[in-house]
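Participant: Please read through the structure below; I'll follow up with questions.
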Amino acid sequence: MPRQRLVPRVREQQLVQVRPRFGPDLVHGATFYHRSTLQSVAKAPVLPRGFELPLKQRLPRIGSIDQVAVEQRAAELAKRSIKKESKVWALELAIRCCDLTTLEGQDTPGKVAALCSKAIRPDPGDPNVPSVAAVCVYPNLVPVAKERLAGSGVKVASVATYFPSGQAPLDVKVRDVEDAVALGADEIDMVIDRGAFLSGRDAKVFDEIVQVKHACGDAHLKVILEVAELGTYDNVRRASLLAMAAGGDFIKTSTGKLPGAATLPVQLVMLEAIRDVYEETGRKVGMKPAGGIRTSKNAIQYLVQVHETLGPDWLTPDLYRIGASSLVNDILMQLRTQKLGAYQSKDYFTND
0 MPRQRLVPRV REQQLVQVRP RFGPDLVHGA TFYHRSTLQS VAKAPVLPRG FELPLKQRLP
60 RIGSIDQVAV EQRAAELAKR SIKKESKVWA LELAIRCCDL TTLEGQDTPG KVAALCSKAI
120 RPDPGDPNVP SVAAVCVYPN LVPVAKERLA GSGVKVASVA TYFPSGQAPL DVKVRDVEDA
180 VALGADEIDM VIDRGAFLSG RDAKVFDEIV QVKHACGDAH LKVILEVAEL GTYDNVRRAS
240 LLAMAAGGDF IKTSTGKLPG AATLPVQLVM LEAIRDVYEE TGRKVGMKPA GGIRTSKNAI
300 QYLVQVHETL GPDWLTPDLY RIGASSLVND ILMQLRTQKL GAYQSKDYFT ND
């Protein structure tokens, strides 16, 4: 059976023409969207003043990031420490915000089932330790996770859109998302086309996110920027604004497949973009750093930065996630140390 068209054949009155105000510089002069597609992103934030398609380096509201200032601010916030009860609270919050993830070619139903058990009860010896936010897997393993997590409150997230490269035709990406949602995914982690973004085809990137958001239906959409390939803080900010404008519910740093993924300065740039959109539109967009966050100390540094930049409203799994594989065990070790007053060995915790 041939694949369904991205926009079904419809009467002309069902289509809406969107014509950006820039003329000859446009990749395509006018784009037609199905009305239901536009309705699905109607609640997305409007772009900040001066931010239009195609994007321009000279636009003042996009601006240019002061690298020295960002890195200095990130370093200052990283020095802040919390103790005793506040530290236990922060560690438990980090657990609640974790997306336990397995995205390997050797993933099996058994491995995913074990990961789901850990997601529900991270520390079998301490029932007071909260469950994580979600389990993130490949689409074909979504049914396994869905069955194991039923009734637990832990969400099932699936990567899609030809993860991790994002190099595929749009119809393939959209079908990938539709399949993952049909299999039961509560959340979709998509990757942007970095090649298109870096070559200046911002309208193409925007259009793809809009189409993917429509394909998500009720599932939440996290937009992965893959910051290690973007090169500059300016590009990170521009990609963040673009993803939010196109309807992303979260912006996410990385696939976790490249070195130099999540860093504190990069998160700060993204958090400030989220803050700017919130101040201008009133819409709260979530944040997810992923890749390279391996210790409880590091996780707390990321949480402190969120609190200082966006405030306590963002300290919830609904608006903040941490992509984690090995992080959870280190947090569990620190929690036991804080509660029992003695160092705990990693041998007490499962590796899954």
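If you use numbering that gives the first Met the number 0, the sequence shown corresponds to residues 0 to 351, in order. For glycine and all other residues, C-beta sits at the position ideal for the given N, C-alpha and C.
1) Do the segment 62-82 and the segment 298-317 make contact, defined as three or more Cβ pairs closer than 8 Å?
2) Which class does G194 belong to by DSSP, given the choice of helix, strand or coil?
3) Among P129, A133, I81, which has the Cα closest to the Cα of D317?
4) If you run the structure through DSSP and keep just helix, strand and coil, what is A133?
5) Please report how far the alpha carbon of K251 lies from the alpha carbon of C115, in whole angstroms.
6) Here's the rule I'm using: 16 or more other beta-carbon atoms within 10 Å means buried, otherwise exposed. How should R79 be labelled?
7) Run through the segment 176-237 for me and flag every whole beta strand (DSSP E) of 3 or more residues, listed as ranges in chain order.
8) Of the choices L270, A260, T262, A214, whose alpha-carbon is the least far from that of I237?
9) Ordered along the chain, which non-local residues of its own chain (more than five positions away) have a Cβ less than 8 Å from that of G230?
10) Buried or exposed for S325, going by 16 or more other Cβ atoms inside 10 Å?
11) Suppose you measure from the CA of A323 to the CA of L99; what does that come to, to the nearest Å?
12) Since I believe I119 is in contact with V153 (beta carbons under 8 Å), could you give me their beta-carbon distance rounded to a whole number of angstroms?
13) Going by C-alpha distance, which of L267, K283, A298 is nearest T308?
14) Whose C-alpha, out of V327, A202, S85, G109, is nearest the C-alpha of S130?
15) What residue range does the beta strand (DSSP E) around C96 cover?
16) For G216, I'd like the list of residues in its chain whose CB is within less than 7 Å of its CB, leaving aside the five on either flank, ordered along the chain.
17) Candidates V143, R274, M243: which alpha carbon is nearest L220's?
18) Buried or exposed: L339, going by 16 or more other Cβ atoms within 10 Å of its Cβ?
19) Taking S239 as the reference, give the member of P121, G285, A93, R335 with the closest Cα.
20) Using C-beta distances below 8 Å, list every residue in its chain close to Q337, excluding the 5 sequence neighbours before and after it, in chain order.
21) Around the Cβ of Y32, are there at least 16 other Cβ atoms within 10 angstroms (buried) or fewer (exposed)?
22) Is I299 helix, strand or coil by DSSP?
23) According to DSSP, is V153 part of a helix, a strand, or is it coil?
24) For a test of the three-state rule: what should DSSP assign to T262, helix, strand or coil?
25) Provide the residue span of the beta strand (DSSP E) that contains I321, from first to last.
26) Have a look at L169 and A261 and give me their C-alpha separation to the nearest angstrom.
27) Leaving aside the five residues before and after Q333 along the sequence, list all residues of the same chain whose C-beta is less than 7 Å from its C-beta, in chain order.
28) In angstroms with no decimal places, state the Cα-to-Cα distance between G246 and A218.
29) Quick check: I191 and G165, are their CB atoms within less than 8 Å of each other?
30) Tell me which residues share the same chain as C97 and place their Cβ nearer than 7 Å to its Cβ, disregarding the 5 neighbours each side in the sequence.
31) Between the Cα of I299 and the Cα atoms of Y319, G281, T280, which residue gives the shortest distance?
32) Give the secondary structure of T308 by DSSP, where H, G and I count as helix, E and B as strand, and everything else as coil.
33) So, helix, strand or coil for P168, using DSSP?
Facilitator: Put simply:
1) Touching, yes, given that three or more Cβ pairs across the two stretches are closer than 8 Å.
2) Stepping through the sequence shown from its first residue, residue 194 is reached at position 195. DSSP, reduced to helix, strand and coil, places G194 within a helical segment of the structure shown.
3) As a position in the sequence shown, residue 317 is number 318, starting the count at 1. Here the closest residue by C-alpha is A133.
4) By one-based count along the sequence shown, residue 133 stands at place 134. The answer is strand: DSSP assigns A133 an E or B state.
5) In the sequence shown, residue 251 corresponds to position 252, counting from 1. In the sequence shown, residue 115 corresponds to position 116, counting from 1. Taking the straight line joining both Cα atoms gives about 22 Å.
6) In the sequence shown, counting from the first residue as 1, residue 79 sits at position 80. With fewer than 16 Cβ atoms within 10 Å of its Cβ, R79 is classed as exposed.
7) Listed in chain order, they are 186-190, 219-223.
8) Residue mapping note: residue 237 aligns to position 238 of the sequence shown, counting from 1. Reading off the sequence, residue 237 comes out as Arg, not Ile. For R237, the closest C-alpha among the options L270, A260, T262, A214 is that of L270.
9) Counting from one through the sequence shown, the residue named residue 230 turns up at place 231. L197, listed in sequence order.
10) Here residue 325 refers to the residue found at position 326 of the sequence shown. Answer is exposed; the Cβ neighbour count stays below 16.
11) Here the question's residue 323 lines up with position 324 in the sequence shown. Here the question's residue 99 lines up with position 100 in the sequence shown. A direct Cα-to-Cα measurement between A323 and L99 gives close to 5 Å.
12) Against the sequence shown, residue 153 aligns to sequence position 154. Against the sequence shown, residue 119 aligns to sequence position 120. Yes, they are in contact, since the Cβ atoms of V153 and I119 sit about 6 Å apart, within 8 Å.
13) Along the sequence shown, one-based indexing puts residue 308 at 309. The candidate whose alpha carbon is nearest that of T308 is L267.
14) Taking the sequence shown and counting its residues from 1, the one referred to as residue 130 is at position 131. When only C-alpha atoms are compared, the closest one is V327.
15) As a working note, residue 96 is residue 97 in the sequence shown. First-last for C96: undefined, no H or E at that position.
16) The sequence position of residue 216 within the sequence shown is 217, counting from 1. The beta carbon of G216 lies closer than 7 Å to those of V180 in the same chain, with the five residues before and after it left out.
17) Residue numbering aside, residue 220 sits at position 221 when the sequence shown is read from its first letter. Residue M243 is the option with its Cα nearest to L220.
18) As a working note, residue 339 is residue 340 in the sequence shown. Per the 10 Å Cβ criterion, exposed.
19) What you label residue 239 is simply residue 240 of the sequence shown in a count that begins at 1. For the residues P121, G285, A93, R335, the minimum Cα distance to S239 belongs to G285.
20) The count along the sequence shown starts at 1 and reaches residue 337 at position 338. Cβ within range, chain order: K83, K86, V87, L90.
21) What you label residue 32 is simply residue 33 of the sequence shown in a count that begins at 1. Any reading at Y32 needs caution, since the residue's pLDDT is 42, under 50, leaving its predicted position unreliable; the model's value is listed next. Buried: at least 16 other Cβ atoms inside 10 Å.
22) Walking along the sequence shown from the start, residue 299 turns up at place 300. In the structure shown, I299 falls within a helical segment according to DSSP collapsed to helix, strand and coil.
23) Stepping through the sequence shown from its first residue, residue 153 is reached at position 154. V153: coil per DSSP, three-state reduction.
24) As a first step, residue 262 must be located in the sequence shown, where it is residue number 263. It is coil, neither helix nor strand.
25) As a position in the sequence shown, residue 321 is number 322, starting the count at 1. Element bounds for I321: 321-323.
26) For the purposes of this step, residue 169 is taken as the residue at position 170 of the sequence shown. For the purposes of this step, residue 261 is taken as the residue at position 262 of the sequence shown. C-alpha of L169 to C-alpha of A261: approximately 27 Å in a straight line.
27) Numbered from its first residue, the sequence shown carries residue 333 at position 334. The answer, listed in chain order, is L90, S295.
28) Position 247 of the sequence shown, counted from the start, is the residue given in the question as residue 246. Position 219 of the sequence shown, counted from the start, is the residue given in the question as residue 218. Cα to Cα, the separation comes out at about 12 Å.
29) Residue mapping note: residue 191 aligns to position 192 of the sequence shown, counting from 1. Residue mapping note: residue 165 aligns to position 166 of the sequence shown, counting from 1. Less than 8 Å divides the Cβ of I191 from the Cβ of G165.
30) Counting from 1 along the sequence shown, the entry for residue 97 is found at position 98. Correct list, in chain order: V131, A132, I321, A323, L326, V327.
31) Counting from 1 along the sequence shown, the entry for residue 299 is found at position 300. With distances taken between CA atoms, I299 lies nearest to Y319 out of Y319, G281, T280.
32) Residue mapping note: residue 308 aligns to position 309 of the sequence shown, counting from 1. It is helical.
33) Translated into the one-based positions of the sequence shown, residue 168 becomes position 169. Correct three-state label for P168: coil.
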